[in-house]
Every structure is written in structure tokens, then in C-alpha cells.
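Right, one structure below, let's go through it.
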Amino acid sequence: MNEIVEFLVSAFILIGAVFALVGSIGLVRLSDFYLRLHGPTKASTLGVGGTILGSLLFFSWQERALQLQEVLIILFLFITAPVSAHMLAKAAMHRNLKRRDDTRGGPWKQ
Amino acid sequence: MEHLIIAPILIPAFAGMLLLLEVRERQHLRRLTGLLATLALIPVALGLWHQAATGEIDVYQLGDWRAPFGIVLVLDRLSALMVLLTAVLALPALIYGSRGDDRRGANFHALFQMQLMGINGAFLTGDLFNLFVFFEVLLIASYGLALHGRGPARVKGGIHYVVLNLIGSALFLVALGLAYGTTGTLNMADFAVKVNELEGNSLDLARLSGLLMWVVFGLKAALFPLYFWLPATYASATAPVAALFAIMTKVGIYAIARVYGLAFSGGALAGLGRDPLWIIALVTLGLAAVGVLGARRLGEMVAYLLVMSVGTLVAGLSWSSPEALGAMLYYLIHSTLVCGGLFLLADLVARGRGELGDRLEVGPAPIGRGLLGALFFAGAIAVVGLPPLSGFVGKVALMQAVPAPVYWLLLLGGGLIALIGLSRAGSSLFWRATGDGETHSLDGPRLAATVALLATTPALAIWGEPVLEACLAVAAQWAQPSLYIDAVLGAGGSAL
Amino acid sequence: MRRLLPFPLLSLFLWATWMLLNGFSWGHAVLGLVLSVALPLGTQPFWPNVPRLRNFPKLVRFVLVVHWDILTANVAVAILIVGPPRRYRPGFVELPLDLTDEFAITLLASTISLTPGTVSADVSEDRRTLLVHALDMDDEDAMIKQIKQRYERPLKEIFEC
Amino acid sequence: MNLSILVLLPFLGAALPPLAERFKASRTLLALSAAALPALALGLMVAPGRRVIDGETVLSSVQWLPSLGLDLAFRLDGLALLFAMLVLGIGLLIILYARYYLSADEKAGRFYAYLLLFMGAMLGVVTSDNLLLLVVFWELTSLSSFLLIGFWSHNSVARKGARMALTVTGMGGLALLAGVLLIGQVVGSYSLGEALASGDAIRASGLYPLILCLVLLGIFTKSAQFPFHFWLPHAMAAPTPVSAYLHSATMVKAGVFLLARFYPMLAGTNLWFDLVTLAGMATLIWGALAALFQNDLKGLLAYSTISHLGLITLLFGLNTELAAVAAVFHIINHATFKASLFMAAGIIDHETGTRDMRRINGLWRYMPYTAVLAMVASAAMAGVPLLNGFLSKEMFFAETLQSDRLGAMSWVLPLGATLGGVLSVAYSARFIHDVFFNGEPVNLPKFPPHEPPRYMKVPVEILVALCIAVGVFPSLTVAGLLAVAGTATLGGTLPEYHLSIWHGFNVPLLMSVIALVGGVLVYSQRRRLLQWHARLPEINANLIFERAMQALARFAGAFSGVLRNGSLQTYVAWLLAVVALVLLSQVRPHLLNGERPLLPLDGVAVLAGAMLMVAAVITAILHRHRMTAIMSISVVGLVMSLVFVRFSAPDLALTQLSVEVVTVMLLILAMYFLPVRTSPESGALRVSRDLILSVVVGGGVGVMAFAMMTSDFTSISGFFLENAKPGGGGTNVVNVILVDFRGFDTFGEITVLGIAAMGIYALLKDLELTSPRSDATGRPWARDAHPLVLVTISRPLLPLALLVSVYIFLRGHNLPGGGFIAGLITSVALLLQYVASGVGWMRYRMPGDYHPVVALGLLLAGVTGVASWFFGHPFLTSTFDHIHWPLVGDFELASAMLFDAGVFLTVVGATLLMLANLGKLSLLDDKGGNAGQIGDVGERGDA
Amino acid sequence: MEVIMALMIATLVGSGVYLTLRARTFPVILGITLLSYGVNLFVFVSGRLSVNQVPVVGMSENPSDPLPQALVLTAIVIGFAMTAFLVVLALRGEGELNNDHVDGGSDGEGG
Amino acid sequence: MLEIALPIAFGLFVLALLLNLYRLLRGPTLPDRALALDTMYINTIGLIVLYGISSDSKLYFEAAMLIALIGFVSTVAVAKYMLRGDIIE
Ligand code: NA
Ligand code: NA
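Chains as they are written, first to last, in the working numbering: chain A, 1 to 110; chain B, 1001 to 1496; chain C, 2001 to 2161; chain D, 3001 to 3943; chain E, 4001 to 4111; chain F, 5001 to 5089.
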């Protein structure tokens, strides 16, 4: 397998993996729910995105033809992920979860 | 005509589908559909019995894939007999149910048909996993039926019934996993052959598979200590459902007979679980008798009588001689039909006693006291095995075939205890009752259905010889698994 | 044509998806065509009012912009999470909306959520304000301004004008 | 003339009286209708009877259950003839008597019917030539007598008496059955003839003691022998005709009949002597004593009957031929005088309205004629010369002297016999004196009593006449019958004996004299005796029996209550305990060293596995924090699908994923109505028990799994891999198996799904649950029911998901996918619409009822299956073909895909039927005022 | 690999068993679910483990055993149907017995 | 190079999953658990895609796609439950 391709594939998947991990670290480390909510968006965007770009490249090379199938995963994810984030945020506000005291503004009553 | 074998499965299946399709609630149409489909089963079953009686075993290869790769239906005398029995039981039950009980909840008729589909499938299939599937069909339908109608008691009984059977299904899957994981096949005949080629761990695992199957079938058959759920569930179910359920325990017994007869009557795992089954069956018989005596409701009492019959039957089965199996089958037919009839009778009685229902307490005389009393008397005689009805014939046959003192003792002693219980029940229901209910106001069809089921017991006694001979013929075939195996796997299959 | 293709954008989108799924072949091109006409027709009742696409190029540009922002924002937030500890101010921002079309508003909300660092937490019942939670905002107004001109205006042009 | 018809006649006759009653026949007509067939039978018996008298044995047999050795075989020999005549003759007299005894308002029709049933059964007992058949009739006598005793069912004593009689005699009958079956085993046939012939074999066999005990148990219970005598007095609650019939001539005689019948088979051993003689002696004396102290007229007769039965039993026990003949003779005599006495008692009862001898006095003045009859009969009972009782009692005394079985103690027998004689004279004396003399009547319910109707006396007259005739001219009257009966009893040779009144002065005569004198003396001392008896503690067998029965029932109830304690946890524990037992008994360590090489471990798998296990355990631990449990269990599901991916099962992964989503929605839907968390309830004991079960079962299954994975095996799967493409037209073997090789499983599987949906619908129908107004934390629900973002995104997702479903469906046959997964994706997309936009919004866009969808799916699958019939193939035979479309290219069409389409429809229909209706639930009660206007998803039902 | 698989099965079955022994309908439902997960895996491995050998003709040199996969798929579907029924039955219990005890709040100690 | 990169990537994703699991079990609030579960779904996609590369097979694509398409539904359901209790109304 061609070095450059292999390098690119490796690079993409590693980047993806790293961002996925960082997102999850955020999920653990950040101090209130609203902050943690920002973690997964990384996993869902760059994390998965990177990995999929890698896989795209990989299979396109393997089969010597452009393989765009996996793009759909990103697409679907981009459609659905914000919804869960939004709904969870609403739920959190409804439950009126405690937030970092230095948070500006405040949630809306549900 | 070779498709006739699958008719007992497809007729109710399609009937059920049509019933689902019927959106506008035209009750009469639904009843008609259900009754016609059930009625149709009787000639079909008779035809199949006629076919099987010749002694040849017919194999139906679904999807035209030959065994052991595809699923096969197998029509031998045993399966034919069971299918026939089911049909005979189902029709009166449904007639009874079509007099209003079917209105006490949704989808009664569809569920009833699906129940029949499952039962017949279980009797006919020659494939272990397919047996599991049909078990699930008949179970899920029975869940629906058991809960048909309203009432806390029914729901509670339903929860117990469902949960236990869900666990049972899980165990069945484990057993099947082991069966396939060792023999690499699912076809019963093929399994019977392959089991004998196993050794080492595989053999041990196959043994475990068999034992787990006994547990599962034991749960279905309601053997000690797995019958505790039955009285509440059956007693609280609506009468026609309880009557139909009289066959359900027999499905478990059939499964034991089938698998044991094929795979464990000889060969590497000969006699697997025989002795435990024998003991458990006797314990069941004894405890159930006690239950009969202690019952506080007629329905509960009948349920315990049913469990008694299960103990009686499985003991006879685990004696595993052709004679014993023949006698056992006669008794199976008798107990199924009579218990079914008694469940209906219990309901007829309850209807006439208002609040009191079928509780065994002194109260107003049931409607049609005289007639119902006579029916009860006959049913009681039959079920405890007093002459001149079928119960006596069955017990004598069993005692002759199974000359074991403890069995005789339990059979006769249990009979006596049941007699005491039933005489007390009858005394307080019909003799001590205040005022006398009029007969004319009984619902004709309901009464007819009940009478029809109870009338089988004198019939079984009068024509006892042909029936016994038939049962012995079934048993004789059962005792030669090679016939079945060769029929399924092609000549010499048993020698594979 | 209008009756056959109530939502051309959707149909196009579906057809593209189909082709992506199956890879190109004439057979699938035809089948995809059939489906991408049939499905929207079949599900027509499910949307009373969907805006019509006015400006396709702008849409493409918008998509690219968003992706770029996602990339950069990701890095920023990543640093914020694992990088050297520095103090940052989270907060809720109320974003007044110029968009009126519900679909467009939803797209805006999604976009905001997709770009790390901001999550759109709620839409006011009168559809006039969008509540956004930001991970780190030193300047509230700047942020509002940025969102409005970077996302909202393009969307307005794409769908409403 | 076939004997079976003879036996059948009374049974047929039983049908007539009820019919007659139906047509409002007069009482006389009723009686006639009842008497008709028995009379006919009696007439028909004359011919064969003659042949029997001439020493012939008339046999006849019809096959019934040859494979059980149970045939309708009958024999008429001397013994049978004698009893048959008693049964029919006395039976007829009873009918005549009952005609007057029964009051107008009583259901005479039913009474006669029962009576004739009993008569038939009795006739069967005495004439059956097949041991099993004999048992059949034997039990029938118990059953019919149960009905007769309980005829006055409004009377508690009658009910209890009937049940007691049934229980005791029923038990005896079962014992007899066992004994008979054993005899059958020894003899190798149930034919009475053969059995009688092989008496030596039976006595020789090791089973003899057991057989004897079982048979005697049957006999003693039936004949009310000590200690089974207690039921008989309580059977007196029956109408007097019944007592007169059952308890003098017939039923109780069935026992002694059997002694006679089986005499050649079982008698002649010391065991026989000891058991039978002892029981007989005990009964003789005990019965006589008890009779003496009765105040109830019928009670006296009942106990005297017991005593006389004891006498007869004793005679049979003596093992001498002469004794046996004497026994038979006494059977005849007792039948005659006792029946007449019962009828007399009945008359008195009938005329005075009471049976209490303390109130009945001096009736001589009011009904002298009846008095004479009664006095003669009781004299016969007492054994006064010139009456039949004297003759047999004489023989009895003589025989007791002959026996030397007891060696030095042999004198006990004659002594006991004499004592019995004394007592029987005493109570006979009482019957005469206390009733007909002894001062004036004490406030009788009916006063003054008169002679009964003319024809009510006739039966009594006939019987009394017989007593005298036999007593005076024995050789002219009874001799012939006795001879043949005796011969039959002994099975051939008849001993030397002559029936005459005068044998000269001898010991038996002395004993008779002692008996007469002593009896009179004893009676003269009656006051002291009665006082003495009054001081004895009163024991009421009826009460004891009833108490015992109730206690038994209560115990039984409690006992089965312990087992069936109504706790599901206990039942489940039982089930799992059985499983654990099986596993513990079979799972052995050597299972762990399988021959198959292991796959190499890798970190990812280990960690994923660990994740699954943690999640599973956490679910078990946190199950009371229910939402958390739902979260963690979905983690388990997620990792499951990863496992399937890892181990080459993409189809399963897809299925698992989509099912997971639906399941979670289901659980959350339910959580709306269920408590969110519960407080700990289990005691440490139960928890530890459950933990043990979990560890054993889980561990056992794990070990089995490991053993299975590490053992080699050969499977049928090669066939599927080879034939999937050529035979099934698909490359995704799993899918081809599902829709083709094992399509029948799938057919069943979708049926299950459909049924589940129906069942769930039925369960939800008009189920009322109150929607909580606030969540667990007491916070009222959010206002926004349909969040904008969710709604707007969910809508384009529908066509998208449908597109994906089509894709998954179409490729299924060749690549991972298929109808089921496609169906679930579609369902999820639709359910998402329900979640986002609500039921009210959906009902205008979706079918009102999902039942037909399910039905169509199943039908499609089913019809596809049936279609193959028309090509001459079995159900579900699939076919496929490649068709070439211009420009489009090759398309494969497989009938299996139609079947799969059926699967798809069923899944969609079923899933929506379940969840949409579940969602609809809370519409039933008004939340946010959106009830009413929002209708129903799948409204239908049989109601 | 077989070891870890066996451990997973054991854990699933074990926790399932424990939950089915509880006194409330909800944990019992969870228990049945876990139990069936474990059992499904058990049936699945009756075809032995193999990695990246998807049983699609021409995609792998020695494909894994397809039959258990088909069986498990059937089992999953049936399991789903049963679970759904049990869930609704639990609601029925809540509705008619007014509590979620498996014995309708009668005797029988809790879980 | 790939044979080094892949294991690392696997490791990182699994690590991420473990962190999610931790959050799921830790909570403290239900939204946190739901969020963690949602994230697990997403990371699983990555894991499956990686597995596709490492086994050079596209047969696992659908699984990943399916998660991307319907994985969020359970999260939505939970959130809706928290908001309205009744997820289908
Ligand atoms: Na709802
Ligand atoms: Na609702």
C-alpha cells in the first residue's frame, strides 16, 4: 500500500481518535452539565469525521475507486447529533441543574 | 394431498390473519371465522390420523430442503393422535367461548387460532429449534388468552405465568445451543443419530442439553416443583381458555415423549433423566392430590386434578415401556378432555351463584342444579378413576402396565383423596345449596359444549378397546425410533 | 412538475444519498430516481410547510464555512479541555432571531450546536429568540454578532431572502 | 338367553321412572314402571335358574376390553342364583313398599332410578364372571348407594352419612381393585372361573398375604366389619326402604357374598382363619352390644345387622365346609327376617312419626297386625325354634365347637358365639317389648297410630311367611337352593348335612337355650344396663369422621398453601434451583480442558468485554434507580452489537442495534406510569440466596459455553454455505437461511411478533392509568410538548430512513440486512414522528389501525409460502430468477424477497401497534386537555 | 477470546438471574432482557468463534457458521416480542393492582 | 505505519468509551448519564469504522450508519421523558 496514502489514513484516524478521546475527557473533567454537553460535539464531529475520512481514503485506495459511502455516516450524524444535544440541554434546564457559579446569564424555564 | 400435514398449522394461522384483518368489529363474522376454522381441523385431523394409522411415517420437507438441513414436519401416529386430540378439545372450548366470553376483551378469536397453530406446530415439527419457535407461538398466544378479560387475579396469575415461561424459553435456548454445539444439527432424528457418536466433553454437554430440556418440558408439563404457577393461572383464566389449556401441559409431556423416545431411549445417553422423572412425577401426583383436597374453588380443584393427571402420565411415560406409553396415552386423552369439560362446568356452576362464583361454600343453588349436579357427578367419577367411566379404564391399564407398588398406592390413594375432595365439593355446591336453580335458563350452547366434552368419557369407556389398541399402536411405533429416523433421514438413516 | 416534485431539494438529497449508498450504476440511478420521487410524495403529509431553496451556491458556501468553523472550534475547545489550565467564562446567551422560517431556525440551531463551544439550548415559543450556551465567551455581543453574520444571514438568503 | 341382558335390565329400568314422572304418572304407575324390568328379569331368570338347580353353571360373555382382560362375562351358578333372587325378589318387595312409604311431594322418580341403578350394580356383582368386571359393579354399588343414602340431601346427617359410606366403601373398592389386579398377575387371567380353579397357586404365591389383606379390606369395609363398621349406622339416614334393601339383603351382603365367592380361591389358610374369624367375632359381639343400647329403632336394626354380618363372616373364617354352608344359609335367613324388620320399623316410623323407642310404647294396642309380623320376624332374629333364624344359628353354634385352630383357647369361639346369641336375644326382646308393650306411647308426633295401608304390609307378610316356612319345613323350601349355593361356594363337593329342627339333645341346643334364657335375663336388667351405658362417653362416628375430614382438608389447604405461596419470587427460585441442581450435578472441571485451540486475546476485546460485564452487573445493582438501569442496560446492548461485529455477525449487530432502540423507548414509555425508584425490600437472607443462584447458574452456563467453544464438532452448516447461492439465490447465507432454508422458523417468528402485538393491544384496551402531573422530583412537566428542533429535524429523517430501509431490505438477500432490520428502521423513524409530533398529529397521517398491517404482512409471507403448492412444491419453497432490464441491467427477483417483504410489513405493523397504543394510553385521562380530540391508534376490539 | 466470551455470558446470565428474582416488575423485565442477551450469546457461540469471517459467499475463505446467527436473529425478535408483552403486562398490573409488585403487592417479600 | 496507527486509534476510542461509561455510572444527574450514553453511541461508530479498516471489510459500514441514523432516538426519548414524562403524547 502506498506510503503517502497509508500515512494520510493513519493521520486521519489518529486525529479522529484523539478528538474523540478529548471529547470524552471533557465529558469527565468539565465541572457542570452544560459544560460537559460540549464534549460529545467533538466526538461526533472531528472524532468520527476524522476516522471516516481515513476509512474513505483507505477503501478508495483499496478498490482504486472513490468510495464516498461513509460520508453518509457524517451526514447522518450532523443531522441527528445536534438534536440530542438540544433535547438534553432542554432537559437539563428543566431540571434546573446547577451550573458553575460564574456562568453568565441563565437557563429558561421549561 | 401431501400438503395435508401442514394444514393443522396453516388453517388456524390464516384464520388468525383474517381475523386480524377484520377491522370493523363484526362479532358474528369473527365467531363464524373462528368456529369454521376450528371445525375444519377435525376432519383434517381425522384424515391425518387415518394416514398415520397405516403405520407409515410421512415427512413434509418445508421449502423442499431435505432433512437434516431444512425443517421437516413429521406425521407419525403420536403426532397425529395429539393433533386430533387438540382439535376435539378446541371446538367445544371455542363454542363455549363464543357465547360472550369472547367479548370480554380484544382479539380473543385471533389469539385462539394462533394458540391452535402453535400447539399443532409443536406436535408436528421434526426440528428442535422449530419446536422452540412453536413453543413461543403457543406461549405468546396463551399469554394473551390467559389475560383475556379483566380482573386483578387474572393479571397476577398472568405475570407469574409469563415470567416463569420466559425464563423457561431462555433455558430452552441454552439446551438448543448445547444440542447444536455438540451434534451440529437441529433435526430431531439427526440429533438422535449424532448423539450416539459423541464422546468426551461433547457427550457431557449433550447430556446437559437433554437434562435442561427435561427442565423446560417439565415446566410446560407442570411437574413438581414447577407446577405452582398453574392452579392460580388456570383457575383465574376464562373458562374456554382454561379448557383449551388442558392440552398445554400435554405439549410438555409430548415433547418429553418425543425427544426421549428418539434420542435417549437407547444409545450413548440411554435412559437420560428417567429415574428423576419417575420420582418427580410421583411427587407431583401426591402433592397435587393434596392440593385437590385443599382447594377452595372448583376451578382451582380442577386445575389440581389436571396436575395430578400430569404426574400420573409422566410416571407412566418414564416407565418407558410400550405398554406403559400406550396406557399413558389413553389416560392422556381421557384426562385432557375430562379436565377441559370440568373447567367449563366449573364456570357454568359459577355463573349461577352470583358473587360466590365457584368458591366451595354453601350458597344459592346453581342454575340447573339437577343437570349440572349429574354432570359433576359423572365428571368426578371419571376424573378420580371410578368405574364405569374412562378414568377407571385408564387407571387399570396404567396399573397393569406399570406394576410398581408405590405407583399403585399413589394412583389409588390419590384417587381416594380426590374422591373425598370432590364429594365435599359436590355436597356443598349441589346438596347444601339453598333453593333450587331452574334448568331451563341454562345457556344451550354452553351446556352443549360442556356435555360434549364430558360425554367423551363414557364414549372412551364403551369404545375403550379400539382406543386402547390405537394408543398401543402409537406406543409400538414410538418404541422403534429407527422407523422415525429412517423416514426422516431416508432409509438406513438410523444406521448413519 | 411541482406536483411530482414537491420538495426538489429533498428529492435531490435522497437521490444523492441513494447513489452514495449503492455506488454508481445505471440500475441504481433509475431506482434511486424512482425512490427520490416516490418517498417525498409518500411522506408529503409530514411537512405542511417547508421552505423552497432559493440560492444553491450560497448553500454550498455555507456548508464549507460551517465545516471550517467546526475544525477550528474543535481545536480551540480541545485546548481548553486538555490544554494548560486557564480561566474561561461559560454562559447562556439569548440570540435575537431575524429568521422566521422554522426550518431555517432549526438549521441555525443545529449549526450552532455542531460547532464545538456552543450549544443551542432552546428556542423561545414565539420563535424570536434562540438560547445558546457557550463554553467560553469573553465578549457576549461579539459572539452574537459573529453568529448572526456568519450563519444566520446566509441561511436567510438561502431560504427566505 | 344371555345373562348380560339380565344384568342390563335394571339399568335400563332406571330410565323409566324419571320418564314416567316427567309425564306426571300417578305414584302407583311410577312404582309399576320401576318394577316392570326387574320383574321381567326375575321372570327371565327362571329358565337358567332351573338349569342351575340341576347343577349346571350358566355362562355368557361379551368382549369389552380384551386388552385389559376385562370382559362382560357373567356366570349364574348356585351362589349367584341365590343372591340374584335375593336382589331381585327383595328389590321388588321394596319397590312395592316404597310406593306407600314415600310421601307425595318426594321425587319418587329419581328415587326409583337410584334404586334400580343399585339393583343392577348388585346384580352385576353377584353374577359377574370376570374379576375386573366384579370390581366395576362393586364400585357401582358404592356410588349408587351414595346417591340413595344422600337422597334426602337437605338433611345434613344424610349428606354426611352418604359421604362417609362412599369414602369407606370407596377405599375398600380401590383396595379390592389392587387385590384383583394382583390375583390377575398370579393367575394370568381375570376370568373368575380360572381364578377359582387356581386357588392353590394363589395361596402358594408370595403375593397371597398382600392379596388377602387387600381383598379383605374391600370385604370388611363393605360388610361393615369391625373396625370398619362405623359407617353403617349413619347410612340409616337414608329412607327406610333403602335401609331395608341395602342394609339387610344386599349391599352389606356384597361383602359376605365375596367371602363366599372367593372362598375356594383364598380360604383354607391360617391367615384366612385368623383375620376373618377374628373380625367376625369382634363384629358379632360389638354389634350386638351396640344394638342393645340403641334408642333409635333403625339404629337397633343397623347394629344387629352388623352383628349378624359378623356372625356370617365368622362362619366363613372357620375354614370348614359345613361352616361355609351354614354361612350361606344364614345369609338367606338374615335377609328375610331383617328386611321384614326394617319394613316394620319403617311402618312404625311412618305411622308414629318417630323412631325413638323411648317414645314408642305399647303399639300392640294400635297396630296389632303389624306387631305380630314384627314379633315373628324378631323372634327369627333371636333364633327362636320353628323360625329360620334358629336353624342357621344352630349350625353356627355347632361349627364353633368343631374348630381347634386356637388350640387350648378353642373354647373362646363357642363362648363368644353364645354371648352373641344371648345379646341378640336381648335386643330382639327389646325390639318386641319396648315397642309394642312397655306402657303407653309418649307424645308421638302422629297420634293415634293406625295400621298402615293394606299393600304396605304385603311385603312384610311375604317375608315373614318365608321365615316361618323355612323354619318349619326347611327341606321342602330352602334345601335345594342352599345345596346348589353351597356347592358353588365350596367349588364342587357339598358336605354331609341335614336341615332339621330337631337334632336331639346336644351342645348346640344347650347353647341355644342359654342364649334364649340369658337374653331374656339380660333384657330384664335393661334399666341398670342403660344407666351404665348412659355413663359411658358418647362417641359419634359421624362427628369424628366429619371433623377428621375437615381437619384433613384444612391441613391439605395449608400444606399446598406453603408450596404455592403466591410469590413469584419463590416459584422462580424453585425453577432456578432445579437448573442449579442440574448444573451442579453435571458441570465438572474437566469440561474446561477442551481440545480446540483458543483465539488470541486482544486488548480491545478484553476492554469491551469488561465494559459489558460492568454494565450488566451495575444494572443488577442499580435496578432500583430505574432510569440509570435503563441507561446501563442499553450500554450492554451496545456492546453486544460490537461483539457481533467483532465475531463476523453484521446481521446480528444491525438487528441488536435497532431492537435496542425500540426496547429503550418501550421501557421509557412504561416508566411514565411506573415508580422511578423503589426502596430496598429484600432481607439479607433472600439476597444471599439469590446471589448464590445467580453465581451457580451464571457460572454453570459460562462453563458450558467455554466447554462448547473449545470442543470440536461437525455441523450441517456446510450445506448452507454451498447451496445459498445456487439453491437460494442469495450470497448472505444468514439471510438465505432465514427466508429460505429455515423460512418456516421465520414464519413462526413473525407470527409471534404479530400475536404479541395483538395481545398487547388487548392488554392496553381500556386500561386506566393515571398520568402523573409531575416528575419524580415533584417538578411539573415542561410546557413545550413538541420542541421545534426535534420536530423539524425528525420530519426529513422519515423519507431518509425509508430510503435506508429500502436499501437494507434490497441488499439483505446478498449482504447484511433484510426485511426485519429494514422494518425496524422504518418503525423507529415513524416512532420518532410520534415522539416529536405526537399521536394527535400522526393520526391524520398514518393508518388508523395497525392490525391490518400486521395481518397483511403475515398474509404476504403465508401466501408466498402457499404459492409454491401450485408449482407442486411444499410450503415456502422459494424460487428466483435474473431478469434483464434494458439500461438498468440484471435484476434478481427471488420469491424469498416477497416473503421478506411480509416480514418487513409485520415488523412495522407490530412495532407500531405496540408502541403507538402504549403512547396513546395517557390520552385516556386528560393531560393538557388534549384528550378527546386526539383519537385512537388501532381502535378495534371484540367488545 | 473464548475465555472473555464465556465470562460475558456468565455475567449476563448471572445478573439476569439475580434480577428475575426481584419483587418488582421492572427489575424482572431488565432481568429477562439480560438473561436473553446472555442466552443469545450462548447460542451464537454454539457455532464457535471466528473473526472477520462473515458468512457471505465469496467474502471470506472459511466463513463462520451462519446457522447460529440465523437462530439468534430469530431469538432476538422473539425476545423483543416477549419483552414488549411483559412490559405492557407490568403496566396492566400497575393499573389493576395499583402497584408494581410481581405478586400484586400481596405476600412475598420484596426485591 | 497503519499497523501501528490502528491499535493506537483503537486504544484511544476504547479509552474514550471507558471514560463515557465512567460518566454514565457516576452521573450525578440523569442528563449526564444520557449524555454519556449518547457519546458512547458516537464513539462506537468510530470503533466500528476502525474495525472495518483493520479487517479490510466494508460489511460493517451499515452498523455504523445505523447508529448514526437512529442512535440518537433513545437519547431523545430519555430527554423527552425528563421534560414531559410522556414521550409519545
Ligand atoms: Na405516551
Ligand atoms: Na399520552
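Built from N, CA and C at the ideal position, the CB exists for glycine as well.
Three-state class that DSSP yields for Leu3065 of chain D in the structure shown: Of the three classes helix, strand and coil, the one that applies to Leu3065 of chain D here is strand, per DSSP.
Cβ of Gly3941 of chain D within 8 Å of any chain B Cβ: Low local confidence applies: a pLDDT of 36 at Gly3941 of chain D is under 50, so the model's placement there is unreliable, and no value is given.
Secondary structure of Gly2091 of chain C, DSSP reduced to three states: In the structure shown, Gly2091 of chain C falls within a strand segment according to DSSP collapsed to helix, strand and coil.
Of the listed residues B:Leu1085, B:Cys1471, B:Leu1166 and B:Ile1009, nearest to Pro1322 of chain B (C-alpha basis): Considering only alpha carbons, the answer is B:Cys1471.
Identified DSSP bridge partners for Ala1222 of chain B: For Ala1222 of chain B, which the question treats as bridged, DSSP gives no partner whatsoever.
Start and end residues, alpha helix (DSSP H) containing Val2168 of chain C: Since the first residue shown for chain C is 2001 and the last is 2161, residue 2168 of chain C is missing from the structure and cannot be characterised.
Simplified DSSP state of Tyr3369 of chain D, which is helix, strand or coil: Helix.
Exposure label - Asn3593 of chain D; buried when at least 16 CB within 10 Å: That one is exposed.
Where Ala3534 of chain D falls, given that 16 or more other Cβ within 10 Å makes a residue buried: So Ala3534 of chain D counts as exposed.
Under 7 Å from the C-beta of Leu1166 of chain B: neighbouring residues of chain E: Ile4032, Met4082 and Leu4086, listed in chain order.
Rounded straight-line distance, which links the Cα of Ser1335 of chain B to that of Met1188 of chain B: Per the coordinates, the alpha-carbon of Met1188 of chain B lies some 28 Å from the alpha-carbon of Ser1335 of chain B.
Cα-Cα separation between Ala3408 of chain D and Phe3273 of chain D, rounded to whole angstroms: Each residue's alpha carbon lies about 16 Å from the other.
Sheet register partners of His3884 of chain D (DSSP bridge): Beta-bridge analysis with DSSP links His3884 of chain D to D:Asp3890.
Environment of Asn2 of chain A [buried if 16+ CB atoms lie within 10 Å]: Under this definition Asn2 of chain A is an exposed residue.
Where Asp1486 of chain B falls: helix, strand or coil (DSSP): Looking at Asp1486 of chain B - three-state DSSP - the assignment turns out to be helix.
Distance between Leu2039 of chain C and Leu2012 of chain C (C-alpha atoms, nearest Å): C-alpha separation (whole angstroms): 12 Å.
Contact set between Val4056 of chain E and chain F, taken where Cβ atoms lie within less than 8 Å: At a C-beta separation below 8 Å, Val4056 of chain E has these neighbours in chain F: Leu5059.
Trp3231 of chain D, buried or exposed, once every other Cβ within 10 Å from all chains shown has been counted against 16: Result: buried.
Beta-carbon neighbours of Lys90 of chain A, restricted to chain D and to distances below 8 Å: One finds Ala3782, Asp3784 and Pro3787 in chain D with Cβ atoms closer than 8 Å to the Cβ of Lys90 of chain A, taken in chain order.
Proximal chain D residues relative to Trp1431 of chain B, where beta-carbon distance stays under 7 Å: Neighbourhood of Trp1431 of chain B in chain D, by CB distance below 7 Å: Gly3150, Ser3153 and Arg3159, in chain order.
Which listed residue (D:Gly3609, D:Ala3345 and D:Ile3630) has its alpha carbon closest to that of Thr3944 of chain D: Outside the displayed range of chain D (3001 to 3943) lies residue 3944 of chain D, so it cannot be described from this structure.
Pick from A:Asn96, A:Gln110 and A:Ser55 that is closest to Glu111 of chain A, judged by C-alpha positions: Only positions 1 to 110 of chain A appear in the structure, and residue 111 of chain A is not among them; the question remains open.
Neighbour list for Asp5056 of chain F in chain A, Cβ cutoff strictly below 9 Å: Simply Phe58, Phe59 and Gln62.
Neighbour-count burial assignment, Arg1077 of chain B, 16 or more Cβ in a 10 Å radius: By the neighbour-count rule (16 or more Cβ atoms within 10 Å), Arg1077 of chain B is buried.
Closer than 8 Å to chain A by CB, His2133 of chain C: Taking 8 Å as the threshold, the shortest C-beta distance from His2133 of chain C to chain A falls below it.
Test: Leu2946 of chain D CB closer than 8 Å to a CB of chain F: Nothing can be reported for residue 2946 of chain D: it is not among the residues displayed for chain D, which extend from 3001 to 3943.
Chain-order list of residues whose beta-carbon lies under 7 Å from that of Val2065 of chain C (same chain, five-residue window excluded): These residues qualify, in order along the chain: Arg2150.
Cβ neighbour criterion (16 or more within 10 Å) applied to Trp2018 of chain C: Trp2018 of chain C sits buried, since 16 or more C-beta atoms from the chains shown fall within 10 Å of its C-beta.
Where Ser4064 of chain E meets chain D, residues with beta-carbon distance less than 8 Å: Close to Ser4064 of chain E, with beta-carbon spacing below 8 Å, are these residues of chain D in chain order: Phe3647, Ser3648 and Ala3649.
Test item: CB-CB of Ile3716 of chain D and Pro1481 of chain B under 8 Å: No, the pair does not count as a contact, with Cβ atoms beyond the cut-off.
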